[in-house]
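In the numbering used here, the protein residues as written are 28 to 420. Note sheet for the following structure.
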């Protein structure tokens, strides 16, 4: 009867072995003081998505934190860098490093409390590096699996080969993109674009490029493959740099292979992704609900391009786009919110990365090159692999 009415004390008896009622009371008081101390010392962080307040203890600042309400990743909190001894004393793992195990054992679906939150952080860091558009759903699914943590990450390494050099220590763990953005996303166009449409100016076979010319070509290829084949970018770049073709021939082949519009390769073009580029504002002003029909259609196209790249399911449902078109917010406010909700889009808005192509577009482009007679089957293929488009590619 006592345990039924006082479950918290029962937990403390099991944890620290105190048997008397008074000992239980003392244990409870110690825990309450500890919790109060944690709250007093905590740093409050506002979620940019739902605006709820989250408390983070200073000793845990280097962890990746998620909002307790909407489960979005919280912005980083500045703190003085910790030395190795200090980090060890606080029990702090390398920041956002998904290669560090939680130290718990047993099936992950049985993890509770701090172990579950640490695993959630580890999974979130992994998926934000290799599958950001489906991160939230994938993390929730992984937390419900009846396998060990080690087994889970072995499966993830096999599913995302780009992560294998990180797990083996041959490459550093990728970091998340910054989670802050200017209020008006349209100001991003003031930054000069750094993309793969600009030739290096070299001549002769690319395998003979050396020094600065070789480095420029490597960067150009990396920018291309980050968009069109991110899972094999390093491998593809290494192979391309050894080919006995000119730079122009190389990128002509790539344009054909990935069905990229020929205009993309013109260095004179200041904005190579005019079609389907969600970073280009419509030019209208005021609340969206007051837009003319023509401006609303242009905004619909811009929103569709964004969701195609970062959340295809929203495009399929159409509800989010319709809601935005009836919103009293401005266009800049809407895209600032979207950039905060989908951090992977921020380098694109800042012109630090080219705009990605949508999954349906990439699948169709691949089929047009390898098996054009079956392009009509693309919708059926996408239906079968709904939510698993990366596997289809």
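Glycine included, C-beta positions come from ideal geometry on N, C-alpha and C.
query, result
"Pairwise C-alpha distance: residue 319 and residue 193", "50 Å"
"Cα-Cα separation, residue 422 to residue 124", "The first residue shown for the chain is 28 and the last is 420, placing residue 422 beyond what the model contains."
"Start and end residues, beta strand (DSSP E) containing residue 82", "80-83"
"Whole-number beta carbon distance between residue 252 and residue 263, since they are thought to touch under 8 Å", "5 Å"
"Where residue 74 falls, given that 16 or more other Cβ within 10 Å makes a residue buried", "buried"
"Rounded straight-line distance, which links the Cα of residue 407 to that of residue 274", "37 Å"
"Below-8 Å beta-carbon distance, residue 156 vs any chain B residue", "The question asks about chain B, but that chain is absent: this structure has only one protein chain."
"Contact under 8 Å by Cβ, residue 333 with residue 305", "yes"
"Reduced DSSP category for residue 72 - H, G, I as helix; E, B as strand; rest coil", "strand"
"Beta-ladder partner(s) of residue 159, from DSSP", "Beta-bridge pairing links residue 159 to no other residue."
"Residues sharing a beta bridge with residue 175, DSSP", "134"
"Segment contact flag, the segment 358-372 with the segment 144-152, C-beta cutoff 8 Å, min 3 pairs", "no"
"Residue burial classification, residue 247 (beta-carbon count within 10 angstroms, cutoff 16)", "buried"
"Close beta carbons around residue 315, own chain, < 8 Å, minus the five adjacent residues each side", "323, 326, 351, 352, 353, 354, 355, 356, 357, 358 and 361"
"Cross-strand partners of residue 273 (DSSP beta bridge)", "232"
"Enclosing alpha helix (DSSP H) for residue 243 [first to last residue]", "238-255"
"Neighbourhood of residue 179 by C-beta, 7 Å cutoff - its chain only, sequence neighbours within 5 removed", "135, 169 and 172"
"Proximal residues to residue 166 (C-beta, below 7 Å), its chain only, five neighbours per side dropped", "147, 150, 151 and 154"
"Residue from 238, 402, 399 and 386 whose Cα sits closest to the Cα of residue 161", "386"
"Residue 187 in three-state terms, based on DSSP", "coil"
"Residue 326 (DSSP reduced to helix, strand or coil)", "helix"
"Contact set for residue 330: own chain, Cβ-Cβ below 7 Å, skip 5 residues either direction", "348 and 351"
"Assigned exposure category for residue 239 - 16 Cβ within 10 Å defines buried", "exposed"
"Residue burial classification, residue 266 (beta-carbon count within 10 angstroms, cutoff 16)", "exposed"
"Residue 263 - DSSP class collapsed to helix/strand/coil", "helix"
"Simplified DSSP assignment, three categories, for residue 354", "coil"
"For residue 415, three-class secondary structure by DSSP", "coil"
"Collapsed DSSP secondary structure at residue 319 in the structure displayed", "coil"
"Candidates 269, 364, 184 and 311, of which the one nearest residue 235 by Cα", "269"
"For residue 396, three-class secondary structure by DSSP", "helix"
"Inter-residue Cα distance where the pair is residue 368 and residue 174", "30 Å"
"Heavy atom of the ligand MG within 7 Å of residue 416 beta-carbon", "For the structure depicted, the ligand MG is absent and the ligand set is empty, with no information on it obtainable."
"Close Cβ partners of residue 394 (< 7 Å) along its chain, the five nearest in sequence each way excluded", "401, 402 and 405"
"Backbone secondary structure at residue 310 - three-state DSSP", "coil"
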